[in-house]
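Undergrad: Under the numbering used here, the first residue of the sequence shown carries the number 5, and numbering increases by one thereafter.
Beta carbons: idealized from backbone N, C-alpha and C, even for Gly.
What you are looking at is a predicted structure, and each value in this text was computed from that prediction instead of being measured.
Following this message is one structure expressed as structure tokens.
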Amino acid sequence: VVTTRLHGAMMAFGFDRPYIALSVDPKVQAFVDGYGGGRLCPSIEALGSELALPPAAVGSAAAAAAARAFGERARKLLT
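So this is what it looks like as structure tokens:
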């Protein structure tokens with residue numbers, strides 16, 4: 005998946021699809037860094053090179069642990 009928005013990256017991650025986020029948005033950068041499953045591409049000029057690379061691993065144990073930790077923090081805030 006190639007996306008330019010945070011929600012596109014989140015949807016791709018949620019469906020276990022590798023993604024390339026064509027964005028310089030710090031929220032997208034934080035998501036890519038925190039959850040993985042994709043790569044950040046800062047410009048349309050760099051997109052061709054990114055597409056030539058093998059896809060990022062999706063569903064890693066580290067990403068799953070980060071998602072669970074986020075869920076636990078949210079649960080504590082809501083209870």
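1) According to DSSP, which residues form a beta bridge with Ile-2?
2) Under 8 Å, with one C-beta from each stretch per pair, do the stretch 42–53 and the stretch 67–80 reach the 3-pair mark?
3) Counting C-beta neighbours from all protein chains within 10 Å, is the total for Gly-18 16 or more, i.e. buried, or is it exposed?
4) Report the option in Arg-43, Ile-48, Glu-49 and Leu-82 whose CA atom is closest to the CA atom of Ala-61.
5) Tell me the rounded alpha-carbon separation between Tyr-39 and Gly-12.
TA: Per the coordinate set shown:
1) Residue 2 is absent from the structure shown; the chain starts at 5 and stops at 83.
2) no
3) Position 14 of the sequence shown holds residue 18. It counts as exposed.
4) The residue given as residue 61 occupies position 57 in the sequence shown. For Ala-61, the nearest C-alpha among the options comes from Arg-43.
5) Position 35 of the sequence shown, counted from the start, is the residue given in the question as residue 39. Position 8 of the sequence shown, counted from the start, is the residue given in the question as residue 12. Rounded to the nearest angstrom, the two C-alpha atoms are 14 Å apart.
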